[in-house]
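Inspection log for the structure reproduced underneath, given as structure tokens.
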Amino acid sequence: MLLSLKPPKARRYQASLISLALHWENISPTLYKHLLRDGLLCLPSIRYLRRICSSVSLTVTSLIALSRYLLSTRRLSYVLPGKINSDPLERRFSWYRQLSGGNFFLSVRQFLEAEKKIRVESLVKYSGLDLVDVQCALQTDATNGEEIKESVRILLAALPAEPISSTDFKEQEGIIFYVAGFISRCLLKVKKCEDFYELVIQSQGPPSIQFEDVFDNCLSDFKLASKEFTDQVNRGGLMTPSDLIHMTCLCCLQLQCLIFDDKETEQLFLSMSDHRI
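Numbered according to our numbering, the sequence shown terminates at residue 286, and the numbering increases by one at each position without gaps.
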């Protein structure tokens, strides 16, 4: 087993650490000084010892559990623990962070954008193509555009004439409102304009929740619990979206239900050559 230890000089302690890690996570300073003074064992600094022992302990126990799972459940003949390490994952995530400006805490959107850049770079590197060829391959020609428009007309004709009522989403109303507020906040980060601000957002604070009169008799505890829940969800960034953004989210959900609730319509949509039109 290869251990990544700091400082580099500590690599010579690997053999001792593997045998002692499971027992010495909480080594006392007195015992450490005694062993170090008498020269019974060569150990790294106490500053690194506990951290290294804890890491080795977790690594060994995890490898044992993983090996048992692979042998018993996956029916493998043998397992090579030396081939199981986190270096490829760390290399990949380091690449993501580098492409996102060195930010350690990436969003899902940044992960996806970085993955797209990596795939395009790999395509250019190993296929012999250049960026112009890749861009031309991704673009749609005029004849294909006509086919897409025809597919859209067929899909619209297959949709039911009566739209879904907004009352069907009454249980999801809170979630839709929350997602609409998140979209409004993301739009404000891209474009900062006073008129645009009035278009996408109603107020910078969270919405005030009004309860029905049926809760008047038991309202004190209920209101307190609801306020605490809203504060936990808020975390200082919850905004009240405008009616336009809220209705847009509702229409998107209605369209999604119209397409994917019917198997034939879903199959027709998935058979289209370009789903972004």
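Where a beta carbon is used, it is the ideal one built from N, C-alpha and C, also for glycine.
Legend entry - 3-residue-minimum beta strand (DSSP E) runs that sit fully inside the stretch 172 to 216, ordered along the chain: 210 to 212
Legend entry - Paired residues, beta bridge with arginine 250 - DSSP: Start at 1 with the first residue of the sequence shown, and residue 250 comes out as number 241. In the sequence on display, residue 250 carries proline and not arginine. Proline 250 is bridged to Ile210.
Legend entry - Length of the line joining the Cα atoms of threonine 152 and valine 161: Taking the sequence shown and counting its residues from 1, the one referred to as residue 152 is at position 143. Taking the sequence shown and counting its residues from 1, the one referred to as residue 161 is at position 152. Any answer about threonine 152 is weak, because its pLDDT of 48 lies below 50 and its placement is not dependable; what the coordinates show is given next. In a straight line, the C-alpha of threonine 152 is about 15 Å away from that of valine 161.
Legend entry - Whole-angstrom C-beta distance between isoleucine 185 and cysteine 266, which should lie under 8 Å: Counting from 1 along the sequence shown, the entry for residue 266 is found at position 257. Counting from 1 along the sequence shown, the entry for residue 185 is found at position 176. Not confirmed; about 12 Å, so no contact.
Inset, instruction - Note down, in chain order, each residue of its chain lying with its Cβ closer than 7 Å to the Cβ of glutamine 211, except the 5 sequence neighbours on either side. - result: For this step, residue 211 is matched to residue 202 along the sequence shown. Contacts found: Thr249, Pro250 and Ser251.
Inset, instruction - Please go through the stretch 52 to 135 and give each complete alpha helix (DSSP H) segment of 4 or more residues, from N-terminal end onward. - result: 55 to 81 and 96 to 108
Legend entry - Through-space distance from serine 81 to serine 116, alpha-carbon basis: The count along the sequence shown starts at 1 and reaches residue 116 at position 107. The count along the sequence shown starts at 1 and reaches residue 81 at position 72. Roughly 37 Å between the two C-alpha positions.
Legend entry - Rounded straight-line distance, which links the Cα of alanine 234 to that of tryptophan 104: For this step, residue 104 is matched to residue 95 along the sequence shown. For this step, residue 234 is matched to residue 225 along the sequence shown. Taking the straight line from one Cα to the other gives about 43 Å.
Legend entry - With 16 other Cβ atoms within 10 Å as the buried cut-off, status of alanine 189: Numbered from 1 along the sequence shown, position 180 holds the residue referred to as residue 189. So alanine 189 ends up on the buried side.
Inset, instruction - Please classify valine 209: is it buried, with 16 or more other beta-carbons within 10 angstroms of its beta-carbon, or exposed? - result: Indexing the sequence shown from 1 puts residue 209 at position 200. By the neighbour-count rule (16 or more Cβ atoms within 10 Å), valine 209 is buried.
Inset, instruction - Give the straight-line distance between the Cα atoms of glutamine 213 and cysteine 195, rounded to the nearest whole angstrom. - result: On the sequence shown, residue 213 is found 204 positions in, with the first residue counted as 1. On the sequence shown, residue 195 is found 186 positions in, with the first residue counted as 1. Computed Cα separation, rounded: 13 Å.
Inset, instruction - Kindly list the residues whose CB is nearer than 7 Å to the CB of arginine 106, restricted to its own chain and excluding five residues on each side of it in sequence; keep chain order. - result: Translated into positions along the sequence shown, residue 106 becomes position 97. The residues are Asn112, Phe113 and Leu115.
Legend entry - Own chain partners of arginine 77 with C-beta closer than 8 Å, once the 5 adjacent residues on each side are dropped: Here residue 77 refers to the residue found at position 68 of the sequence shown. Cβ neighbours of arginine 77 beyond the five flanking positions: none.
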